[in-house]
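Reviewing the structure listed below.
Residue numbers (this note's numbering): 2 to 352.
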């Protein structure tokens, strides 16, 4: 594309491909609808909101690239695509942090280094800090590029912020690997104990651990995290060479390490939707049996029986029984009970 004198191509070495940008715009629109419906059915809030916002940002970002194809010299179009595509993965990771925290109790909270709820808080704050710094650096870098300023202050700020984000994600991935390693070792040694003490919760968790879909969901979450991690590492490499570097001037790098990495991550997590895998809301019936109605045990009643041969006998009994019960009960569906109980019988009888 030939530029008029004084015009600046904000994509530096290329003009965005309209075919890839248009395709992504359509795909992310479909994903917005899917996550809206699935989130409503799961009666969930945090994860659906994170992924809907992330998909909306990607949608807007690729609209910006479509417009950039028509006029790559328009700063507004470049800012739209940069903000949308750069910020979206932060929301996707926020959703993944949350779902990992929700998955921990299924395997046993005692095997986690942090409390389940802390993963979301710690790493979202970390990513948000990185994002704020990236925005400041990105704005400065764009201004420098437009003014042909040789200073790389903006680029350096962005590189530092992205490097911090990659470091934060490295810590998170290490904690995830450590958690599943501890679970695996406990199973291998025969000391694995994921029970919480609540009958219904333990029954649900037992069913989930045996579910192929839940296992796929755990794997999809981890792979999705790694894919976004690769994308962030690519961004560090891109920014470290500046707008004049080879990764910035060749769109193929962007298509492979940003577009493909992110869409694969989002598609995987959507295919193994957390709300379905964890049996939330109206999606519960597709993976878990109905919740059981608690059985109410009545207090022992006095029993008086007339014994014509031996007269009347009065007495009391007390006793304690401790043990483990494991077995299968089959009313309308198969259920497996596992756990420990300690019961004390006390009562009074007469005959």
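Idealized CB from N, CA, C, for every residue including glycine.
Three or more Cβ pairs drawn from the region 220-229 and the region 261-278 lie within less than 8 Å of each other, which places the two stretches in contact.
With contacts defined as CB atoms closer than 8 Å, residue 261 and residue 32 fail to qualify as a contacting pair.
A Cβ-Cβ contact shorter than 8 Å links residue 176 with residue 115.
Secondary structure of residue 43 (DSSP, three-state): coil. Between residue 239 and the set 227, 180 and 257, the nearest pair of CA atoms involves 257. In the DSSP assignment, residue 288 falls outside any alpha helix (DSSP H) and carries neither an H nor an E. Taking residue 184 as reference, the option from 265, 106, 72 and 199 with the minimal CA-CA separation is 106. Separation of residue 232 and residue 182 (C-alpha to C-alpha, rounded to the nearest whole angstrom) is 25 Å. Between residue 163 and residue 66, the C-beta spacing is not below 8 Å. A direct Cα-Cα distance of roughly 22 Å separates residue 69 from residue 159. For residue 291, the number of other beta carbons within 10 angstroms of its own is below 16, and it is reported as exposed.
The C-beta distance from residue 280 to residue 289 rounds to 4 Å, short enough to fall under 8 Å. Taking residue 137 as the centre and dropping the five residues before and after it, the same chain places the C-beta of 158 closer than 7 Å to its C-beta, in chain order. Between the region 10-28 and the region 245-255, the count of C-beta pairs closer than 8 Å reaches three or more; the two stretches touch.
The criterion of a C-beta distance shorter than 8 Å is satisfied by residue 263 and residue 229. When the five nearest sequence neighbours on each side are left out, the beta carbons in the same chain lying within less than 6 Å of the beta carbon of residue 89 are those of 55, 58 and 59, in order along the chain. Note on geometry: alpha-carbon atoms of residue 80 and residue 9 lie some 14 Å from one another. Per DSSP, the continuous alpha helix (DSSP H) segment holding residue 106 begins and ends at 76-108. Residue 232 carries a helical assignment under DSSP once its states are collapsed to helix, strand and coil.
Annotation: the continuous alpha helix (DSSP H) that includes residue 160 extends over 154-190. For residue 284, the secondary structure class from DSSP, reduced to helix, strand or coil, is helix. Counting along the chain, residue 207 sits inside the alpha helix (DSSP H) bounded by residues 200-211.
Around the beta carbon of residue 285, a 10 Å sphere encloses 16 or more other beta carbons of the protein chains shown; the residue is thus reported as buried.
The C-beta distance from residue 198 to residue 44 rounds to 26 Å, too long to meet the 8 Å contact threshold. When DSSP states are grouped into helix, strand and coil, residue 128 belongs to the helix group.
According to the DSSP assignment, residue 17 belongs to no alpha helix (DSSP H), since it is labelled neither H nor E.
Scanning 196, 11 and 246 for the CA closest to the CA of residue 73 turns up 11. Around the beta-carbon of residue 131, 16 or more other beta-carbon atoms lie within 10 Å, marking it buried.
By the Cβ-count criterion, residue 91 is buried, with 16 or more other Cβ atoms from all chains shown falling within 10 Å of its own Cβ. For residue 276, the enclosing alpha helix (DSSP H) covers residues 275-278.
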